[in-house]
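Asker:
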Amino acid sequence: MIAASLAAAFIVLGFAMILSRLGLVALASEVRHLSQRSLNVLRDALLDDDAKEAAMQANARALFAKFIHLTLGLAFALLVPVALIWGVSLTGIVSFETVMAVSLTWPFLLAGGILFIVVLMLGKRQ
342 MIAASLAAAF IVLGFAMILS RLGLVALASE VRHLSQRSLN VLRDALLDDD AKEAAMQANA
402 RALFAKFIHL TLGLAFALLV PVALIWGVSL TGIVSFETVM AVSLTWPFLL AGGILFIVVL
462 MLGKRQ
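Offset between the sequence shown (1-based) and the numbering used here: plus 341.
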């Protein structure tokens, strides 16, 4: 059970570290700002419909590119630590099913969430 808990913690730490290193947290912030700019364009009474359409199309293209980047980055950030634990489970050191079961318990989810936030905050400082 301790090995499974450590392996599950490795998944959380690995995910958070890769997320931070790939700059996905900053990218999510950019998406928020771009969405806000899009709303501001829609609300701008000084712009005519053609100008609004051009701005919205440019924002839509940028948002789509960021969506693809975020989706692929998040998949990679989750896949790497899970694949490593799966590989270790093939050696018999730890059961992959047990690791997944531990990762779904509420104490682990609470502790893992706190650990995840700490890693992301430390990543922002660097």
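Beta carbons: idealized from backbone N, C-alpha and C, even for Gly. As the structure is a computational prediction, the values presented were derived from the model and not from experiment.
With a threshold of 16 other CB atoms inside 10 Å of the CB of residue 357, please say whether the residue is buried or exposed.
Answerer: In the sequence shown, residue 357 corresponds to position 16, counting from 1. By the 10 Å Cβ count, residue 357 comes out buried.
Asker: What distance in whole Å lies between the Cβ atoms of residue 352 and residue 422, which are believed to be in contact at a cut-off of 8 angstroms?
Answerer: One-based indexing of the sequence shown puts residue 422 at position 81. One-based indexing of the sequence shown puts residue 352 at position 11. Between residue 352 and residue 422 the Cβ distance is about 4 angstroms, and since that is below 8 angstroms, they are a contact.
Asker: Please work out which residues of its chain come closer than 8 angstroms, Cβ to Cβ, to residue 312, disregarding the five sequence neighbours upstream and downstream, and give them in chain order.
Answerer: Because residue 312 is not part of the residues shown, which for the chain are 342 to 467, the question remains open.
Asker: Is the beta carbon of residue 373 closer than 8 angstroms to that of residue 400?
Answerer: Within the sequence shown, the letter at position 59 stands for residue 400. Within the sequence shown, the letter at position 32 stands for residue 373. No, the pair does not count as a contact, with Cβ atoms beyond the cut-off.
Asker: Is it buried or exposed, residue 392, if we count other Cβ atoms within 10 angstroms and call 16 or more buried?
Answerer: As a working mapping, residue 392 is identified with position 51 in the sequence shown. The residue is exposed, with fewer than 16 neighbouring Cβ atoms inside 10 Å.
Asker: Given a cut-off of 8 angstroms, decide if residue 365 and residue 418 are closer than it, judged by their beta-carbon atoms.
Answerer: As a working note, residue 418 is residue 77 in the sequence shown. As a working note, residue 365 is residue 24 in the sequence shown. Closer than 8 angstroms, so yes.
Asker: Leaving out five residues on either side along the sequence, give the residues of the same chain with a beta carbon under 8 angstroms from the beta carbon of residue 440.
Answerer: The count along the sequence shown starts at 1 and reaches residue 440 at position 99. Cβ neighbours of residue 440 beyond the five flanking positions: 345, 348, 349, 352, 426 and 430.
Asker: Are the Cβ atoms of residue 288 and residue 414 separated by less than 8 angstroms?
Answerer: Look at the range of the chain in this structure, 342 to 467, and you will see that residue 288 is not part of it.
Asker: Taking Cβ positions, are residue 360 and residue 410 nearer each other than 8 angstroms?
Answerer: The sequence position of residue 360 within the sequence shown is 19, counting from 1. The sequence position of residue 410 within the sequence shown is 69, counting from 1. No, they are not a contact pair.
Asker: Which residues in the same chain as residue 515 place their Cβ atom closer than 7 angstroms to its Cβ, once the five residues preceding and following it in sequence are excluded?
Answerer: No answer is possible for residue 515: it lies beyond the span of the chain, which begins at 342 and ends at 467.
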